[in-house]
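Using numbering that gives the first Met the number 0, the first residue of the sequence shown is number 0, and each one after it goes up by one.
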Amino acid sequence: MPKVIAIAGMGLCGNAVFCRLSHLLATMKYSDNDITVLLFEQNPRYFATGFAYSIDSPDFWTLNNPADGFKFTSTTDSLTEWIDANPELLQEHYPYRDKQYITRSLVGHYLRAQYEKHKTLAKSLGITIKEIFLPISDICPLKEGNYQITCMDQNYIADRLFITTGHLTNPFFHAVENQPGFLRFENTTGNPDTWDLADDVYIVGGQAAFVDAALWLTMKKQYSGKIHCVTRNPTILTTKGNTDSCDVIAQQELSSSLQKRSPGSLTFAEAKILFWNAYQKDAKSPVDSAHLHSSTEALRYQMNKFDHLLENNPIPGNIDELRAFIKTFYFSGCYTHMWQSLNVEGKEQFLKYFYSLLGLLLRNLRPDAKIALKRFILRSCTIIKNER
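Here's what the structure looks like:
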């Protein structure tokens with residue numbers, strides 16, 4: 000019986016789902032020509048890459064982490080393997096790239112190549128692939144158990160649906176949508192408006208996209224005005240290149256103890272204490288978890304350390320050691336074991352508390368970003384806390 004599978008959103012996550020799905024279907028037995036895969040993406044520029052890794056993104060937007068640690072899916076070539084296999088492309092378009100903190104547009108080429116490879120695999124199995132470049136206006140579950148997907152004046156029916164839309168545009172600021180001087184970040188780089196390069200700019204949000212926007216202003220637009228960061232949670236920005244490690248003995252003990260707990264038996268208050276106690280034991284020079292430093296203080300610390308100016312570091316404790324501890328916590332399984340142990344209320348509090356902490360300390364600034372930030376941001380950026 001014919002089956003239709005839809006993937007709504009073909010950025011990084013949608014591409015990963017498609018690659019895994021193609022690999023899975025290759026291991027199954029079924030009649031030829033009975034599966035159709037619908038791939039929805041409203042912006043062809045971001046197909047298979049998403050906004051962050053679009054192949055036309057500026058060269059000063061680089062990976063947040065070293066290339067040899069980049070993970071996509073287990074069914075694809077690794078990024079470094081693909082780079083080694085394509086020296087001509089790299090020499091022609093990226094002759095001066097950093098071997099680790101490569102430009103994200105190069106990663107976009109890698110992601111497109113993995114998509115094409117798995118598309119060829121799927122088509123060789125008799126699977127029909129349809130790429131639909133239209134915005135989805137509605138998705139409606141039907142009583143038969145399938146889904147109706149509406150794009151403009153066209154309807155599609157799918158038996159199975161993956162929604163991989165990433166970070167949907169939030170409902171804030173519609174009152175100023177399309178007004179002069181207001182831009183959503185994903186529309187920034189292609190906007191033709193003429194800016195007064197001395198005007199104040201307010202960037203709403205203080206994490207990785209804030210850094211990209213600040214880099215675009217300073218390095219692309221040669222902006223000389225004052226930049227304001229408006230954020231609910233003042234960020235702890237750090238600079239890549241500082242590679243201090245952290246012991247893991249206490250964290251491993253915590254992970255083992257969490258595995259012995261019954262699911263739902265841990266409160267958030269208990270989890271928070273366990274996490275920071277393990278960190279205090281593992282860290283040689285721990286920061287004060289009750290009084291984490293401001294963005295500007297942390298960034299100055301990181302830049303001074305990167306430039307070997309330790310005598311100018313006013314912050315007690317090693318932020319890089321904390322970053323290493325959190326990275327291990329997230330990727331080693333301790334994060335998963337803690338999540339499984341938390342009760343329902345604890346999980347909600349856990350997300351609110353740890354999401355920003357994990358994201359900010361895993362998504363650090365690249366060494367190239369520090370150049371622009373040292374020149375412009377530290378001198379002229381204000382951090383405005385907004386509860387919105």
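Glycine included, C-beta positions come from ideal geometry on N, C-alpha and C.
Give the straight-line distance between the Cα atoms of H173 and L38, rounded to the nearest whole angstrom. 29 Å
ask   = DSSP state of V175, grouped into three classes?
value = helix
*asked:* I'd like to check one pair, F328 with Q251: are the Cβ atoms closer than 8 Å?
replied: Result no, Cβ atoms of Q251 and F328 do not sit closer than 8 Å.
Problem set entry | Cβ pair I6, F17 closer than 8 Å | yes
| said: Could you check whether S264 and G332 sit closer than 8 Å to each other, using their CB atoms as the reference points? | reply: no
Notebook entry, point to check: Alpha carbon to alpha carbon, what distance is there between K142 and P57?
Noted result: 47 Å
message: For S53, which residues in the same chain have their Cβ closer than 6 Å to its Cβ, ignoring the five residues on either side in sequence?
response: R44, Y45 and G107
Query raised in the report: Skipping 5 residues on each side, what residues in its chain have a beta carbon closer than 6 Å to that of R159?
Result: I4
Backbone CA spacing between T335 and L341 [nearest angstrom]
Roughly 10 Å between the two C-alpha positions.
Quick one: any contact between the segment 146–163 and the segment 56–75, if contact means 3 or more CB pairs under 8 Å?
Touching, no.
Buried or exposed for W215, going by 16 or more other Cβ atoms inside 10 Å? buried
* Around the Cβ of G0, are there at least 16 other Cβ atoms within 10 angstroms (buried) or fewer (exposed)? -> Strictly speaking, residue 0 in this sequence is Met, with Gly absent from that position. With fewer than 16 other Cβ atoms within 10 Å, it is exposed.
Going by alpha carbons, who is nearest to S136 out of V203, L273, Q41 and Q99? Q41
*Under a three-way DSSP split, which group does Q41 fall into?*
coil
Q: Have a look at I162 and C12 and give me their C-alpha separation to the nearest angstrom.
A: 9 Å
| query | How close, in whole Å, do the beta carbons of A47 and R111 come, if the pair is a contact with beta carbons under 8 Å? | reply | 5 Å
Go ahead and pull the three-state DSSP assignment for E143. coil
Using CA coordinates, which residue listed in A323, L308, E80 and S261 is at the minimum distance from D281?
A323
| query | For chain C, is any of its Cβ atoms less than 8 Å away from the one on Q99? | reply | No chain C appears in the structure shown, which is made up of a single protein chain.
Given a threshold of 16 other Cβ atoms within 10 Å of its Cβ, counted over all protein chains shown, does Q113 qualify as buried or as exposed? buried
Exercise. Given F209, which residues of its chain have a CB within under 8 Å of its CB, disregarding the five upstream and five downstream residues?
Worked result: I202, C228, T230 and T234
| Between the Cα of G316 and the Cα atoms of H307, P285 and K304, which residue gives the shortest distance? | P285
- [ ] State the DSSP-derived secondary structure class of N154, mapped to helix, strand or coil.
- [x] Three-state DSSP puts N154 in a strand.
Review point. Is the distance from the Cβ of F69 to the Cβ of A15 below 8 Å?
Key: no
*Starting from D97, follow its DSSP beta bridges and name the residues at the other end.*
Partner(s): none; D97 has no beta bridge.
TODO: Using only the heavy atoms of the ligand ADP, determine whether one of them is closer than 7 Å to the beta carbon of F305.
DONE: Only the bare structure without any ligand can be found here, which leaves the ligand ADP out of the picture.
How long is the line joining the alpha carbons of I325 and C139, rounded to whole angstroms? 40 Å
**Asked** Once you ignore the five residues that flank Q147 on each side, which residues in its own chain have a CB closer than 7 Å to its CB?
**Response** C139, L141, N154 and I156
### Message
Could you tell me the alpha carbon to alpha carbon distance between L377 and G205, rounded to whole angstroms?
### Response
Because L377 sits at a pLDDT of 49, beneath the cut-off of 50, its placement in the model cannot be relied upon, and the following sentence gives the value as read from the coordinates. Their backbone Cα atoms lie some 14 Å apart in a straight line.
inquiry  = For E386, count the other beta carbons within 10 Å of its own beta carbon; 16 or more makes it buried, fewer makes it exposed. Which is it?
reply    = Note that E386 has pLDDT 46, beneath the 50 cutoff, so the model's placement of it is unreliable and no number is given.
Q: To the nearest angstrom, report how far apart R96 and E87 are at their CA atoms.
A: Rounded to whole angstroms, R96 to E87 spans 13 Å at the Cα level.
Suppose the cutoff is 8 Å on Cβ atoms and the five residues either side in sequence are ignored; what does the same chain contact list for V343 look like?
G263
message = Can you list, in chain order, the residues of its chain with a C-beta nearer than 8 Å to that of L120? Leave out the 5 residues immediately preceding and following it.
response = Answer for L120: S21, H22 and A25, listed in chain order.
_Exposure label - H290; buried when at least 16 CB within 10 Å_ = exposed
Integer-rounded CB distance, given that C150 should sit under 8 Å from I128:
Rounded, the Cβ-Cβ distance is 17 Å, inconsistent with contact.
8 Å contact criterion, which E185 and F50 should meet: CB distance rounded | Contact between E185 and F50 holds: their C-beta atoms lie close to 5 Å from each other, under 8 Å.
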